[in-house]
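Protein chains: 2
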Amino acid sequence: MPSQPAPRADKRAHLVDTALRLFATGGYHAVGIDRVLAEAGVAKKTLYAHFPSKNALIAEVLRERDRRFCASLAAFVDRRSAPLERLAAVFAWHRQWFAEPGFAGCMFLNVAAEFHGEVAELQRLAREHKKAVESYLVGLLEPLTGIDAAPALAADFNLLLDGAIGVALVSGDAEAAERAWNMARRLLPAAS
Amino acid sequence: MPSQPAPRADKRAHLVDTALRLFATGGYHAVGIDRVLAEAGVAKKTLYAHFPSKNALIAEVLRERDRRFCASLAAFVDRRSAPLERLAAVFAWHRQWFAEPGFAGCMFLNVAAEFHGEVAELQRLAREHKKAVESYLVGLLEPLTGIDAAPALAADFNLLLDGAIGVALVSGDAEAAERAWNMARRLLPAAS
DNA sequence: CCGATAGTAGACAAATCTGTCTACTTTACT
DNA sequence: AGTAAAGTAGACAGATTTGTCTACTATCGG
């Protein structure tokens, strides 16, 4: 079998990894292609061999960010077994995230803020990510609230998480995650 | 009396007004100085006679946005007299805002997302705006919850509003404001 | 009426941005 | 070993960015 016809695909991953880090902490417009290339140690031609444009790179960065976000969150949650603790872990995970040194908000909220509407693909990726988080919350809520009440509460909790992100971004206060969790607990039907 | 030594100060206001509109719907990096000047019908030299840099213009835009935001919200709230209705009006005002055609999120959250940390002045203005909103919420909550419980609930409600802004921005759903208000009601100590 | 002030129009500088292209080098599979 | 794919370095084009500067014009107070 011909195995891989494109064996140099690790450069692409490194490029996306570097771009992810720089865009996350520096913003999409403020960080230029040349900066990403210099930091990654990759030639400009290689970038445009893998992606047709900067926006296409940003789109791939968002897809990668979504993968890492979901994987990291799920791993953190799966260290707990009790349903209420698993739900609490979502907020605790956010709290850790906010306290990271280079925290600069949610890449999906930020992309919506910077490109809002102009680039439909990026807007779509942002919407899909938030939808994925909400669906994940539904699964965590079902054991606690039953299958009927879970979707509405998941939307509520999703809003709480976005609110915590906004507060943490502007005020720099990682405790926003705890504030959101305290509100979430009070909104649960009949738990401690 | 010498009345006004600088009678041509209305150009400045027009400049800020145009910049406010364009930055709000187009983003800070994406909208260039030339675009603002063309739209305002003002010469470049006039801009730099009033402001030392683009960032200084952005700072003034944020100050103006804070003034208008607070004035518009207060006027909307003051049409009600019952404390609970006045509080509900805050969320209803946000709902109207989200449904406006060019809605593109909160200019203060967005400035934090685009410049996060680099430009200390802009970050400070964002933080102060959110603090002002929270203080306003304290005043609305005191008649409902007493003077002791109000500050903590105001911080909670502020987080709810930021969450609604985030959800509305990404999903385009103005109903996020109602969702936030329904959560807020459930968090009030002893109201309907 | 006249001079100072504030404005316009727009050229210009210097940097920076995305994206293309040429020439050379490394890598890997057969 | 040799060939084809993939990467590097970097010049280059063309547009766009912020900010400065020159020359001209309108307006207003005294």
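Which chain is which? The protein sequence lines are H and G, in order.
Quick note on my numbering: the first sequence kicks off at 1391 and runs consecutively.
Quick note on my numbering: the second sequence kicks off at 1391 and runs consecutively.
Even for Gly, the Cβ is constructed at its ideal location relative to N, Cα and C.
(message) Between the stretch 1449-1461 of chain G and the stretch 1549-1568 of chain G, can you find at least three pairs of beta-carbon atoms closer than 8 Å?
(response) no
(message) By the 8 Å beta-carbon criterion, what residues does the stretch 1416-1429 of chain H contribute toward chain G?
(response) G1417, H1419 and A1420
(message) Run through chain G and tell me which residues come within less than 9 Å of H/R1453, C-beta to C-beta.
(response) Residue mapping note: residue 1453 of chain H aligns to position 63 of the first sequence, counting from 1. Within 9 Å Cβ-Cβ: nothing; H/R1453 doesn't reach chain G, min ~16 Å.
(request) Identify the contact partners of H/V1528 in chain G, using a Cβ-Cβ distance below 7 Å as the criterion. (result) For the purposes of this step, residue 1528 of chain H is taken as the residue at position 138 of the first sequence. By Cβ distance, chain G contributes nothing, its closest Cβ being about 15 Å from H/V1528, past 7 Å.
(request) Using the Cα positions of H/E1532 and G/R1455, report the straight-line distance between them to the nearest angstrom. (result) Numbered from 1 along the first sequence, position 142 holds the residue referred to as residue 1532 of chain H. Numbered from 1 along the second sequence, position 65 holds the residue referred to as residue 1455 of chain G. Using only the alpha carbons, I get a separation of about 42 Å.
(request) Give the residues from the stretch 1543-1562 of chain G that approach chain H closer than 9 Å (Cβ to any Cβ), ordered along the chain. (result) A1545, D1546, N1548, L1549, L1550, L1551, D1552, G1553, A1554, I1555, G1556, V1557, L1559, V1560, S1561 and G1562
(request) Give the C-beta separation of H/L1530 and H/H1484 to the nearest angstrom, bearing in mind that I take them to be a contact with Cβ-Cβ under 8 Å. (result) Residue numbering aside, residue 1530 of chain H sits at position 140 when the first sequence is read from its first letter. Residue numbering aside, residue 1484 of chain H sits at position 94 when the first sequence is read from its first letter. Not a contact, Cβ separation roughly 14 Å.
(message) What does the Cβ neighbour count give for G/E1475, buried or exposed, with the cut at 16 atoms within 10 Å?
(response) Stepping through the second sequence from its first residue, residue 1475 of chain G is reached at position 85. Counting Cβ neighbours within 10 Å, G/E1475 comes out exposed, since fewer than 16 surround it.
(message) Can you look up H/R1517 in the DSSP assignment and give me helix, strand or coil?
(response) Counting from one through the first sequence, the residue named residue 1517 of chain H turns up at place 127. Reduced to three states, the DSSP call for H/R1517 is helix.
(request) Tell whether a beta-carbon distance below 7 Å holds between H/G1422 and G/G1553. (result) Numbered from 1 along the first sequence, position 32 holds the residue referred to as residue 1422 of chain H. Numbered from 1 along the second sequence, position 163 holds the residue referred to as residue 1553 of chain G. Contact: no.
(request) Starting from the C-beta of G/V1557, find all residues in its chain whose C-beta is less than 6 Å away, skip the five residues before and the five after it, and write them out in chain order. (result) The sequence position of residue 1557 of chain G within the second sequence is 167, counting from 1. So the qualifying residues of the chain are A1566.
(request) Identify, in the order they occur along the chain, each residue of the same chain with its Cβ nearer than 7 Å to the Cβ of G/Q1394, setting aside the five sequence neighbours on each side. (result) Along the second sequence, one-based indexing puts residue 1394 of chain G at 4. Caution applies to G/Q1394, whose pLDDT of 31 falls short of 50 and renders its modelled position unreliable; the value that the coordinates give is listed next. Nothing meets the Cβ criterion.
(message) Tell me which residues share the same chain as H/A1482 and place their Cβ nearer than 8 Å to its Cβ, disregarding the 5 neighbours each side in the sequence.
(response) Counted from its first residue, the first sequence places residue 1482 of chain H at position 92. Within the same chain, H/A1482 has close Cβ partners F1466, A1567 and W1571.
(request) Pull out every residue of the stretch 1513-1540 of chain H whose Cβ sits closer than 9 Å to any Cβ of chain G, in chain order. (result) Q1513, A1516, R1517, H1519, K1520 and K1521
(request) Can you give me the Cβ contacts of G/C1496 inside the same chain, cut-off strictly under 7 Å, excluding the 5 residues immediately before and after it? (result) Here the question's residue 1496 of chain G lines up with position 106 in the second sequence. Excluding residues within five positions, the ones whose Cβ falls inside 7 Å are I1555.
(request) Report buried or exposed for G/Q1486, applying the criterion of at least 16 other Cβ atoms within 10 angstroms of its Cβ. (result) Here residue 1486 of chain G corresponds to residue number 96 of the second sequence, with the count starting at 1. With fewer than 16 other Cβ atoms within 10 Å, it is exposed.
(message) I need the straight-line Cα distance from G/A1430 to H/M1573, nearest angstrom please.
(response) Within the second sequence, the letter at position 40 stands for residue 1430 of chain G. Within the first sequence, the letter at position 183 stands for residue 1573 of chain H. Taking the straight line joining both Cα atoms gives about 45 Å.
(request) Taking C-beta pairs closer than 9 Å, name the residues in chain G that H/G1495 reaches, listed in chain order. (result) Here residue 1495 of chain H refers to the residue found at position 105 of the first sequence. Near H/G1495 (Cβ distances below 9 Å), the residues of chain G are L1499, A1502, A1503 and H1506.
(message) Is it buried or exposed, H/E1450, if we count other Cβ atoms within 10 angstroms and call 16 or more buried?
(response) Along the first sequence, one-based indexing puts residue 1450 of chain H at 60. Buried, since its Cβ has 16 or more Cβ neighbours within 10 Å.
(request) Could you have a look at H/E1508 and say whether DSSP puts it in helix, strand or coil? (result) Here residue 1508 of chain H refers to the residue found at position 118 of the first sequence. Coil, per DSSP.
(message) Please list, in chain order, the chain H residues whose beta carbon lies closer than 7 Å to that of G/A1489.
(response) Mapped onto the second sequence, residue 1489 of chain G falls at position 99. Under the 7 Å cutoff, chain H gives no residues; its nearest Cβ is about 15 Å from G/A1489.
(message) Pop quiz: G/L1437 and G/L1452 are said to be a contact at Cβ under 8 Å. What is the actual Cβ separation, rounded to whole angstroms?
(response) Along the second sequence, one-based indexing puts residue 1437 of chain G at 47. Along the second sequence, one-based indexing puts residue 1452 of chain G at 62. Not really, about 17 Å apart at Cβ, beyond 8 Å.
(request) Might you give, ordered along the chain, the residues of its own chain that have their beta carbon closer than 7 Å to the beta carbon of G/A1540, omitting 5 neighbours on each side? (result) Within the second sequence, residue 1540 of chain G is the residue found at index 150, counting from 1. For G/A1540, where only same-chain residues beyond five positions count, the Cβ hits under 7 Å are V1528, L1531 and E1532.
(request) Starting from the Cα of G/K1401, find the closest Cα among G/Y1526, G/F1488 and G/A1433 and give me that residue. (result) To locate residue 1401 of chain G, count along the second sequence from 1; it is residue 11. Nearest C-alpha to G/K1401: G/A1433.
(message) Against H/A1566, what residues of chain G qualify as contacts under a CB-to-CB distance less than 8 Å, listed in chain order?
(response) What you label residue 1566 of chain H is simply residue 176 of the first sequence in a count that begins at 1. The contacting residues are L1549.
(request) Could you tell me the distance, in whole angstroms, from the CA atom of H/P1442 to the CA atom of H/D1424? (result) Your numbering for residue 1442 of chain H matches position 52 in the first sequence. Your numbering for residue 1424 of chain H matches position 34 in the first sequence. Going by the C-alpha atoms only, they are around 15 Å apart.
(request) Please list, in chain order, all residues of the same chain as G/K1520 whose beta carbon is under 8 Å from its beta carbon, the five residues on each side excluded. (result) Reading the second sequence from its first residue, position 130 is the one you call residue 1520 of chain G. Hits under 8 Å: F1498, N1548 and D1552.
(message) Using 7 Å as the threshold, is the C-beta distance between G/A1503 and H/A1503 below it?
(response) Position 113 of the second sequence, counting from 1, holds the residue named residue 1503 of chain G. Position 113 of the first sequence, counting from 1, holds the residue named residue 1503 of chain H. Yes. Within cutoff.
(message) I need the DSSP call for H/P1533, collapsed to helix, strand or coil.
(response) The count along the first sequence starts at 1 and reaches residue 1533 of chain H at position 143. Helix.
(message) Given this structure, state the Cα-to-Cα distance separating H/R1411 from H/E1511, to the nearest angstrom.
(response) Residue mapping note: residue 1411 of chain H aligns to position 21 of the first sequence, counting from 1. Residue mapping note: residue 1511 of chain H aligns to position 121 of the first sequence, counting from 1. Going by the C-alpha atoms only, they are around 21 Å apart.
(message) Taking CB distances under 7 Å as the criterion, tell me whether H/L1577 reaches chain G.
(response) Walking along the first sequence from the start, residue 1577 of chain H turns up at place 187. Taking Cβ atoms only, chain G reaches closer than 7 Å to H/L1577, which makes this a yes.
(request) Could you pull out every residue in the same chain whose Cβ sits closer than 6 Å to the Cβ of H/A1516, ignoring the five residues on either side in sequence? (result) In the first sequence, counting from the first residue as 1, residue 1516 of chain H sits at position 126. Excluding positions up to five away in sequence, the list reads F1498, V1501 and A1502.
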